[in-house]
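Novice: Line by line, the protein sequences are chains F and E.
Residue numbering for the first sequence follows the numbering used here, starting at 165 and increasing by one per position.
Residue numbering for the second sequence follows the numbering used here, starting at 6 and increasing by one per position.
Got a structure for you, questions after.
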Amino acid sequence: MTESVKFVCSSGAVGSGINLPAFRAAMMRQPDFVASDAGTIDAGPYHLGVGKGAYATEAMRHDLEILLTEVPRGTPILVGSADTAGGDPHVDRTLDIIRDIVSKHGLKRRIAVIRSEIDPCALQAAYDDGRVVPLDHAPPLDRDRIGRSTRIVGMMGVEPLQDALREDVDLVLAGRCSDSALFAALPIMRGIPEGLAWHAGKIVECGTLTCETYGKGAMFGELFADHGIITPLGEGLRCTPQSVASHSLYENGDPYLHRESSGTLDISEAHFEQYDPVSVRISGARYIPADRPSIKLEGVEFAGYQSMLIGGIRDPFIIRQFDKWLAEVKDEVRQRAARLLGDVLSPDDWRIDTHSYGLNAVMGAREPRSAEPPHEIGLAFCLSAPTQELANKLAELSRQPLLHHPIPEWSGSITGFACLFNQAHVERGPYWRFSMHHVLLPKPDETVFHREIITLG
Amino acid sequence: MKLSDCTALIRSKNAGPFSLTFDIMFSDEAIYQHVKRSGVITPQTMAETIGCDVNEMKFFVCDNALAFKFTIPRLLPAGDPADADLHGGQQFAPLMDIAVPDL
């Protein structure tokens with residue numbers, strides 16, 4: 165009979181804040197490993213593009229310091245999707261923080277670093293072989309678009325983590341990684357059925373988000389041969405069969421089938437029962453191995469620089485003809501740009517995006533109530549161009565039309581735009597676009613994820 | 006009554022940068038079953054309410070979670086300069102007003 169495997173999820177993400185009392189209570193249960201992801205694609209394309217994650221260094225240091233000082237040696241720690249996006253600079257930034265902590269506390273730690281960046285040229289070759297395959301709702305992708313990528317990462321499953329754990333390390337620091345894989349890797353190595361191991365990972369990877377009401381704490385799991393027990397630790401936290409079942413809906417397109425690199429987790433036949441007042445017993449999940457591995461790709465391409473003006477419109481005469489007014493303002497900006505910047509900017513090189521808060525900014529074309537006239541409109545007027553300097557110039561050219569574009573109801577000079585800031589525009593810096601939503605089918609002998617073992621201290 | 010009067014949570018969220026997923030969740034099994042029987046939540050009514058093509062929708066009835074769920078393509082990828090909801094979290098509001106027959 166397989167012995168049970170126990171684990172702790174320290175928080176929903178490294179940097180989101182470990183609750184120390186709850187984490188210590190979880191550690192009292194002597195887990196076999198501790199894991200936490202540190203990233204999500206939901207943070208947007210910027211972080212993968214710029215090479216820096218969404219959390220403040222101090223917030224990451226807070227959580228990593230607790231992990232490195234509270235978890236005893238011999239209990240491996242797994243951190244995946246380093247610094248939000250899991251690219252090489254994200255792994256390096258996390259590693260720098262770890263290095264500081266190890267040195268500050270005089271620790272000695274053996275660390276496996278697994279990188280997940282994929283060279284665009286290598287991916288072009290895979291594309292040529294027909295080994296880059298689109299997922300649902302994927303954008304168009306071709307050789308050139310792959311080549312233009314600023315950065316591409318592949319999402320690892322359990323296998324690279326398991327290879328690293330076999331090296332007897334204190335910490336596995338992974339680039340982009342399936343969140344659930346961090347929790348499934350070691351239990352599967354110890355003989356826990358794959359379906360149960362992946363399902364447990366899926367439940368705990370967002371930390372206490374799987375509880376009935378959201379609160380601070382840690383998650384504890386114990387997996388047996390045919391079932392698992394999921395327990396939240398933290399004041400007032402409680403899991404119920406419904407709260408755990410509901411969590412499988414969160415951020416997933418399909419509530420039952422969850423595709424991973426080596427197969428698909430199927431929880432359509434899963435059972436959830438209340439085990440004790442706060443814990444839930446899970447069973448019944450299946451894992452369907454894939455014919456061949458597929459590695460989810462995340463990639464971004466550089467899209468330009470932005471500058472923007474924010475202001476409000478309160479004049480009912482403008483508001484009742486807002487679409488016409490805005491179209492005329494944009495036209496005037498385009499004419500000025502053609503006249504003054506035409507030698508350095510062709511019309512295809514730059515763009516205006518407007519977001520009309522109070523009207524339809526949030527839902528855009530899907531807004532069912534855009535015909536209802538608001539009493540004021542907040543307008544974000546965004547200019548994108550190949551350089552920051554040009555984006556700023558376009559913003560400067562936009563100010564006068566926004567302020568003074570005439571309407572027939574008023575004679576004389578009007579000021580129809582209430583500027584929020586002085587100077588009127590804000591530099592937004594560079595921005596990136598997601599350029600792919602595909603999987604890579606690696607060749608049987610291909611190494612996609614690269615590992616090194618380092619010793620600190 | 007309105008759907009928002011009898012649900013525990015109605016939410017929208019990205020399911021990856023190119024898809025948007027909606028969850029309509031209940032805390033009371035009797036009310037969930039009542040809404041399910043009433044037929045007001047179907048792929049067709051959801052597509053009409055949100056303004057999308059029903060053929061592009063994946064629709065799920067999740068009895069063990071007391072929930073309905075559907076997933077559609079985003080109009081624009083998350084983070085596109087013309088998109089204004091990076092996380093897709095504020096796209097559910099029209100679902101709140103769906104009329105549900107009284108119990």
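Even for Gly, the Cβ is constructed at its ideal location relative to N, Cα and C.
(1) Taking the alpha-carbon positions, what's the residue 598(F) to residue 167(F) distance?
(2) Between which residues of its own chain and residue 102(E) is the CB-CB distance below 8 Å, once the five residues before and five after are set aside?
(3) Say whether chain F places a C-beta atom closer than 7 Å to the C-beta of residue 30(E).
(4) Using C-beta distances below 8 Å, list every residue in its chain close to residue 540(F), excluding the 5 sequence neighbours before and after it, in chain order.
(5) Under 7 Å between the Cβ atoms of residue 207(F) and residue 248(F)?
(6) Of all the CB atoms in chain E, is at least one closer than 7 Å to the CB of residue 180(F)?
(7) Applying a beta-carbon distance threshold of less than 9 Å, which residues of chain E neighbour residue 439(F)?
(8) Give, in chain order, every unbroken run of the alpha helix (DSSP H) that is at least 4 residues long and sits entirely within the region 350-422 of chain F.
(9) Please state if the CB of residue 400(F) and the CB of residue 379(F) are separated by a distance shorter than 7 Å.
(10) Does the beta carbon of residue 263(F) sit closer than 7 Å to a beta carbon anywhere in chain E?
(11) Rounding to the nearest angstrom, what Cα-Cα distance links residue 272(F) and residue 232(F) in this structure?
(12) With 16 other CB atoms within 10 Å as the buried threshold, where does residue 282(F) fall?
(13) Relative to the alpha-carbon of residue 184(F), which residue among 458(F), 530(F), 398(F) and 426(F) has its alpha-carbon at the smallest distance?
(14) Name the DSSP beta bridge partners of residue 190(F), please?
(15) From what residue to what residue does the beta strand (DSSP E) around residue 592(F) run?
(16) Report the neighbours of residue 64(E) on chain F: residues whose CB is nearer than 9 Å to its CB, in chain order.
(17) Given this structure, state the Cα-to-Cα distance separating residue 532(F) from residue 97(E), to the nearest angstrom.
(18) If we define contact as Cβ-Cβ less than 7 Å, is residue 91(E) a contact residue for chain F?
(19) Do residue 339(F) and residue 279(F) have their C-beta atoms within less than 7 Å of each other?
(20) So for residue 615(F), helix, strand or coil by DSSP?
(21) Since residue 470(F) is in the beta strand (DSSP E), which residue starts that stretch and which ends it?
(22) I need the straight-line Cα distance from residue 165(F) to residue 446(F), nearest angstrom please.
(23) Could you pull out every residue in the same chain whose Cβ sits closer than 8 Å to the Cβ of residue 181(F), ignoring the five residues on either side in sequence?
(24) What are the residues of the region 415-443 of chain F that lie near chain E, defined by any Cβ-Cβ distance shorter than 7 Å?
(25) Is residue 70(E) near residue 410(F), with beta carbons less than 7 Å apart?
(26) Compare the Cα-Cα distances from residue 335(F) to each of 383(F), 307(F) and 201(F) and report the closest residue.
(27) At the 7 Å Cβ level, is residue 27(E) part of the contact set with chain F, yes or no?
Specialist: According to the structure shown:
(1) The sequence position of residue 598(F) within the first sequence is 434, counting from 1. The sequence position of residue 167(F) within the first sequence is 3, counting from 1. If I take the Cα positions, the gap works out to 44 Å.
(2) Here residue 102(E) is taken as the residue at index 97 of the second sequence, counted from 1. Around residue 102(E): 7, 8 and 9.
(3) Along the second sequence, one-based indexing puts residue 30(E) at 25. Yes, because at least one Cβ of chain F sits closer than 7 Å to the Cβ of residue 30(E).
(4) For the purposes of this step, residue 540(F) is identified with residue 376 of the first sequence, where counting begins at 1. Take residue 540(F), set aside five residues on each side of it, and the residues of its chain with a beta-carbon closer than 8 Å to its own are 476, 477, 478, 483 and 522, in chain order.
(5) Start at 1 with the first residue of the first sequence, and residue 207(F) comes out as number 43. Start at 1 with the first residue of the first sequence, and residue 248(F) comes out as number 84. Contact flag set, yes.
(6) Here residue 180(F) refers to the residue found at position 16 when the first sequence is read from its first residue. Chain E places no beta carbon closer than 7 Å to that of residue 180(F), leaving this residue out of the contacts.
(7) In the first sequence, counting from the first residue as 1, residue 439(F) sits at position 275. Under the 9 Å cutoff, chain E gives no residues; its nearest Cβ is about 16 Å from residue 439(F).
(8) 358-368 and 405-411
(9) Indexing the first sequence from 1 puts residue 379(F) at position 215. Indexing the first sequence from 1 puts residue 400(F) at position 236. Result yes, Cβ atoms of residue 379(F) and residue 400(F) sit closer than 7 Å.
(10) What you label residue 263(F) is simply residue 99 of the first sequence in a count that begins at 1. No - not a single Cβ of chain E is within 7 Å of the one on residue 263(F).
(11) Along the first sequence, read from residue 1 onward, the residue named residue 272(F) stands at position 108. Along the first sequence, read from residue 1 onward, the residue named residue 232(F) stands at position 68. Looking at the two C-alpha atoms, the distance is approximately 10 Å.
(12) Position 118 of the first sequence, counted from the start, is the residue given in the question as residue 282(F). By the Cβ-count criterion, residue 282(F) is buried, with 16 or more other Cβ atoms from all chains shown falling within 10 Å of its own Cβ.
(13) Within the first sequence, residue 184(F) is the residue found at index 20, counting from 1. The candidate whose alpha carbon is nearest that of residue 184(F) is 398(F).
(14) Along the first sequence, one-based indexing puts residue 190(F) at 26. Answer is none; residue 190(F) lacks a bridge partner.
(15) Taking the first sequence and counting its residues from 1, one reaches residue 592(F) at position 428. Segment 589-600, the beta strand (DSSP E) holding residue 592(F).
(16) The count along the second sequence starts at 1 and reaches residue 64(E) at position 59. Residues of chain F passing the Cβ test: none, with the nearest at roughly 11 Å.
(17) Stepping through the first sequence from its first residue, residue 532(F) is reached at position 368. Stepping through the second sequence from its first residue, residue 97(E) is reached at position 92. Cα to Cα, residue 532(F) sits roughly 11 Å from residue 97(E).
(18) Taking the second sequence and counting its residues from 1, one reaches residue 91(E) at position 86. It does; some Cβ of chain F falls within 7 Å.
(19) One-based indexing of the first sequence puts residue 339(F) at position 175. One-based indexing of the first sequence puts residue 279(F) at position 115. Taking 7 Å as the Cβ cut-off, residue 339(F) and residue 279(F) qualify as a contacting pair.
(20) Locating residue 615(F) in the first sequence gives position 451, where the first residue counts as 1. Residue 615(F): strand per DSSP, three-state reduction.
(21) Along the first sequence, read from residue 1 onward, the residue named residue 470(F) stands at position 306. Here the beta strand (DSSP E) through residue 470(F) covers 459-477.
(22) On the first sequence, position 1 is the one that residue 165(F) refers to. On the first sequence, position 282 is the one that residue 446(F) refers to. With a pLDDT of 47 at residue 165(F), under the threshold of 50, the modelled position of that residue is not reliable, and no figure is offered here.
(23) Position 17 of the first sequence, counted from the start, is the residue given in the question as residue 181(F). Hits under 8 Å: 175, 223, 226, 227 and 380.
(24) 415, 416, 417, 418, 419 and 436
(25) Position 65 of the second sequence holds residue 70(E). Position 246 of the first sequence holds residue 410(F). For residue 70(E) and residue 410(F), yes; Cβs fall inside 7 Å.
(26) Counting from 1 along the first sequence, the entry for residue 335(F) is found at position 171. Residue 335(F) has its Cα closest to that of 201(F), out of 383(F), 307(F) and 201(F).
(27) On the second sequence, residue 27(E) is found 22 positions in, with the first residue counted as 1. Not closer than 7 Å to any Cβ of chain F, the Cβ of residue 27(E) fails to qualify, so no.
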